[in-house]
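Trainee: The numbers in this note's numbering rise by one with no breaks, and the one at position 31 of the sequence shown is 33. Ideal placement from N, C-alpha and C gives every residue a C-beta, glycine not left out.
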Amino acid sequence: MPSSLLTRPSAPRRVVADLLSRARRMPLVAAQRRMRLAPIAAAREAARTRSAGRIGWAACFVRGFALLAAERPTLRRCHLSFPLARYYDHFESVASVVIDRDWQGERAPFYCTMRHPEQRSLAEIQERLTRAKSGPLDATGSYRLMLRIARYPAPLRRALWWAATELSGLLHARRVGTFALSSIASTGSELIWILSPATSTLSYGPIDAEGRMDVRLFFDHRVFDGALAGEILEALEDVLNDRVAAELKA
């Protein structure tokens, strides 16, 4: 009979637990839209056959949402609670993309943060995500920070994350991101619910043969409402099929 074994959570798992403890305090709501993305899907395939390099869906969504947020300050906004409840609008977008990596024999989520993706090309965004996915862990600054914080005692870690989510808008943007992206579409599955300390978190499922894809937006209800979330998803669909698709074609 195999013996029982108690192990301490790994460094990435400690950070995940800390972030979930913050996210559970947020009134998260979800909106979903079945997007028709045949135009951008065709542009992605054409770019691949031209040997222009494969641009993943994650890069497209990061680029599209950042372009949208450049025109809508609400998508760069966060709610802070201390010392008084208030809003903070960051001057640029900061994307936080969840990347599945191996950590000492364990699969664990890492958070790749990327400043001003609205000013980066699709190729730059994809190169950054590729490096975060397969490059050395210490080559990504947000990974180094994540692992350093994980070494601190739990009370200190929780205090640092509290400050980053409740006290300072600048820290909120730099450490958590103005928006996040998490998807398991590459496995043929999709996430139904996500707990995230970011004001806005996108997730998408697999695309079908007719170019349809279910896209979800999880958002902090203190910052905006469901009607606006629906408008954001509609606008995002337009941006993907227009501006992002045009960049792929170019």
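#1: Find the nearest neighbour of F220 within the set R214, L193 and E249, judged by alpha-carbon distance.
#2: Using the rule of at least 16 other Cβ atoms within 10 Å of the residue's Cβ for burial, across every protein chain shown, is E233 buried or exposed?
#3: I57 and L124 look like a contact to me (Cβ under 8 Å); what is the Cβ gap, rounded to whole Å?
#4: Taking the DSSP output, what are the residues bridged to S268?
#5: Check whether chain C comes within 8 Å of L193, counting only Cβ atoms and requiring the distance to be less than that.
#6: Determine the DSSP secondary structure at S188, reduced to helix, strand or coil.
#7: For G143, count neighbouring Cβ atoms within 10 angstroms of its own Cβ and tell me buried if that reaches 16, exposed if not.
#8: What number of angstroms, rounded off, separates the C-alpha of A71 from the C-alpha of Y89?
#9: When you compare only the Cα positions, how much space is there between C80 and V225?
#10: Look at the Cβ atom of G213, then the Cβ atom of R52, and state whether they are nearer than 8 Å.
#11: Please confirm if the region 104-117 is in contact with the region 186-203, defined as three or more CB-CB distances below 8 Å between the two stretches.
#12: When DSSP labels each residue in this structure, what does T9 get in the three-state scheme?
#13: Between which two residues does the alpha helix (DSSP H) harbouring Q34 extend?
#14: Three or more beta-carbon pairs under 8 Å between the region 173-186 and the region 59-75, yes or no?
#15: To the nearest whole angstrom, what separates the beta carbons of A13 and A152, a pair I think is in contact under 8 Å?
#16: Taking the beta strand (DSSP E) that I101 belongs to, which residues open and close that run?
#17: Report the residue from S188, S205 and A187 whose alpha carbon sits nearest the alpha carbon of W195.
Mentor: In this structure, then:
#1: When each option's Cα is compared against that of F220, the closest is L193.
#2: exposed
#3: 5 Å
#4: With the chain covering 3 to 252 only, the question about residue 268 has no answer from this structure.
#5: Absent from the structure is chain C; it holds one protein chain and no more.
#6: helix
#7: That one is exposed.
#8: Going by C-alpha positions, A71 is about 16 Å away from Y89.
#9: 7 Å
#10: Between G213 and R52, the CB-CB gap reaches or exceeds 8 Å.
#11: Not touching, per the Cβ criterion.
#12: It is coil, neither helix nor strand.
#13: It is not in any alpha helix (DSSP H) - Q34 instead sits in the beta strand (DSSP E) that spans L30 to R38.
#14: yes
#15: About 4 Å separates the beta carbon of A13 from that of A152, a gap short enough to meet the 8 Å contact definition.
#16: V96 to W105
#17: Of S188, S205 and A187, the residue nearest in Cα terms is S205.
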